[in-house]
Amino acid sequence: MSIQLCYWYFAYGANMDAQGLARRVGCNVLEGKRACLEGYRLVFNQRGGYASVVPHPSDKVWGVLYRLTETELSRLDQYEGVPECYGRQKVWVTTENGERVRAYVYIGKENLENVWPKQTYLSELLRGARQHQLPQEYIQFLEGVAALREQQVKGGSTRTAPKKEQTP
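Residue numbering for the sequence shown is 1 to 168, as defined by UniProt numbering.
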């Protein structure tokens with residue numbers, strides 16, 4: 001039996017939900033910590049309305065840090081569509097205790113406008129955010145995206161999706 005190294009992975013989208021991530025990588029996710037990626041903004045600019053993060057000096061993205069093995073990261077690469085759809089990069093994140101951690105994050109390759117996340121996807125984001133008790137104002141931001149999406153879909157509103165520069 002060989003010992004595999006573990007790496008930190010910062011989840012900001014549907015992978016914040018521990019059960020969903022466990023299904024995607026084929027294991028029981030053992031550890032999840034609240035963390036913040038400073039100098040980035042959460043956007044929904046990928047095909048299908050999936051989330052990504054983009055540099056933005058005054059913003060921050062809340063998410064969850066997980067420890068994954070190299071095998072699990074490789075499975076997640078396949079799930080996320082690396083290298084065609086997302087790229088995996090190392091960034092510095094800060095835990096709620098102020099600890100700075102070097103972690104992998106997936107950054108989308110597209111930069112689309114006027115795309116809406118699906119309600120099921122937003123529900124996964126919200127489930128993960130609540131599960132890990134992310135800050136209430138961040139959860140409210142995600143709820144606001146869900147409400148705007150519902151208004152767009154149901155009401156025939158002329159409003160567009162949150163632009164790339166949407167701030168939580």
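Think of the CB as a built atom: it goes at the ideal place given N, C-alpha and C, for glycine as much as any other residue. It should be emphasised that the depicted structure is a prediction, and the values quoted were computed from it without experimental measurement.
Tell me which same chain residues have a C-beta within less than 8 Å of the C-beta of residue i, skipping the five on either side of it?
| i | result |
| --- | --- |
| A35 | F10, W62, G63, V64, L65, V93, T94, T95, E96, V101 and A103 |
| E80 | Y86, R88 and Y106 |
Looking at C-alpha atoms only, which residue of the options is the closest neighbour of residue i?
| i | options | result |
| --- | --- | --- |
| W8 | L68, V54, R47 and G39 | L68 |
| A22 | E38, R75 and G81 | R75 |
| C85 | E113, W116, I107 and G98 | I107 |
| N114 | F44, A18 and H132 | F44 |
| Y40 | V105, Q136, R130 and V54 | V54 |
| D77 | G26, I3 and A146 | G26 |
Got a sec? Which residues, its chain only, sit under 6 Å from residue i by beta carbon, not counting five neighbours each side?
| i | result |
| --- | --- |
| P168 | Because the pLDDT at P168 is just 48, under 50, the model does not fix this residue reliably, and the point stays unresolved. |
| K60 | C36 and E38 |
Apart from the five residues on each side of it in sequence, which residues of its chain come closer than 7 Å, Cβ to Cβ, to residue i?
| i | result |
| --- | --- |
| L134 | R34 and W62 |
| E110 | N45, Q46 and R47 |
| Y31 | It should be pointed out that residue 31 corresponds to Glu in this sequence rather than to Tyr. These residues qualify, in order along the chain: Y66 and R67. |
Contact check, residue i vs residue j under 8 Å by CB: the rounded distance?
| i | j | result |
| --- | --- | --- |
| G13 | Y50 | 7 Å |
Below 9 Å between beta carbons: does that hold for residue i and residue j?
| i | j | result |
| --- | --- | --- |
| residue 192 | Q131 | It is not possible to answer for residue 192, since the shown part of the chain is limited to 1 through 168. |
Determine contact between the region 71 to 83 and the region 120 to 137, defined as no fewer than three beta-carbon pairs at a distance below 8 Å.
no
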